[in-house]
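A quick write-up on the structure given underneath.
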Amino acid sequence: MHAFDVLGDPVRRRILELIADGEASAGQITSTIVDEFGISQPAVSQHLRVLREHGFASVRAEGTRRLYAVDPRGLQEASAWLTPFERFWRGPLAALGTELARGRRERRLAAAAPASPSAADTRPTDNAPRATNHDTANEHEE
Numbered sequence: 008m009h010a011f012d013v014l015g016d017p018v019r020r021r022i023l024e025l026i027a028d029g030e031a032s033a034g035q036i037t038s039t040i041v042d043e044f045g046i047s048q049p050a051v052s053q054h055l056r057v058l059r060e061h062g063f064a065s066v067r068a069e070g071t072r073r074l075y076a077v078d079p080r081g082l083q084e085a086s087a088w089l090t091p092f093e094r095f096w097r098g099p100l101a102a103l104g105t106e107l108a109r110g111r112r113e114r115r116l117a118a119a120a121p122a123s124p125s126a127a128d129t130r131p132t133d134n135a136p137r138a139t140n141h142d143t144a145n146e147h148e149e
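Numbering (our numbering), first residue to last: 8 to 149.
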């Protein structure tokens with residue numbers, strides 16, 4: 008079975024998410040999976056077996072409990088297969104990172120800048136003298 012066949016199943020992906028941050032007991036995993044997917048305990052055990060046999064999960068005994076953890080071998084196999092294709096998303100992701108950084112910088116600068124007067128605040132009031140065409144015409148005649 009190819010790594011992506013293993014990862015193609017949503018139950019197995021969810022199990023990997025559950026053990027990504029550290030060990031979890033078979034009982035904890037089973038309880039969560041039964042609640043979320045409505046499958047039986049033997050079905051969860053089958054998924055755990057597939058993950059173990061294909062290098063995605065490791066198990067160790069602690070008394071009567073079985074503790075599962077992520078085994079990086081299966082994920083490394085998937086990553087190795089994807090490596091030739093990274094060029095298709097590496098550039099766009101870098102561009103996205105640049106745009107996100109630019110947006111954060113603009114928001115930071117806008118928050119730090121003093122409030123500038125708006126266009127409405129700079130218009131002449133009724134009391135202020137205004138230049139008229141007549142005034143500028145007189146300046147040219149003199």
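We put the beta carbon where it would ideally sit given N, CA and C, even for glycine.
(Q) Could you compute how far the alpha carbon of alanine 76 sits from the alpha carbon of alanine 101? (A) Rounded to whole angstroms, alanine 76 to alanine 101 spans 32 Å at the Cα level.
Q) Are the CB atoms of aspartate 78 and serine 86 nearer to each other than 8 Å? A) no
Q | leucine 82 to phenylalanine 95 span [Cα, whole Å] | A | 20 Å
**Q.** glutamate 69, enclosing beta strand (DSSP E) - first and last residue
**A.** 64-69
Q. If we count Cβ pairs, one from each stretch, closer than 8 Å, do we get three or more for the segment 17-35 versus the segment 99-117?
A. no
Q.
Do arginine 19 and leucine 74 count as a contact pair if the criterion is CB distance below 8 Å?
A. no
Q) The alpha helix (DSSP H) spanning alanine 10 covers which residue range? A) Looking at the DSSP string, the run of the alpha helix (DSSP H) that includes alanine 10 is 10-14.
Q | serine 32 versus arginine 109 - alpha carbon distance | A | 44 Å
Q: Measure the Cβ-Cβ separation of arginine 21 and glutamate 43 and say whether it is below 8 Å.
A: yes
**Q.** Where glutamate 149 sits in the DSSP three-state scheme
**A.** In this predicted model, glutamate 149 has a pLDDT of only 46, less than 50, meaning its place in the structure is not dependable; the value taken from the coordinates is given anyway. Three-state result, glutamate 149: coil.
Q) Taking Cβ positions, are histidine 54 and methionine 8 nearer each other than 8 Å? A) no
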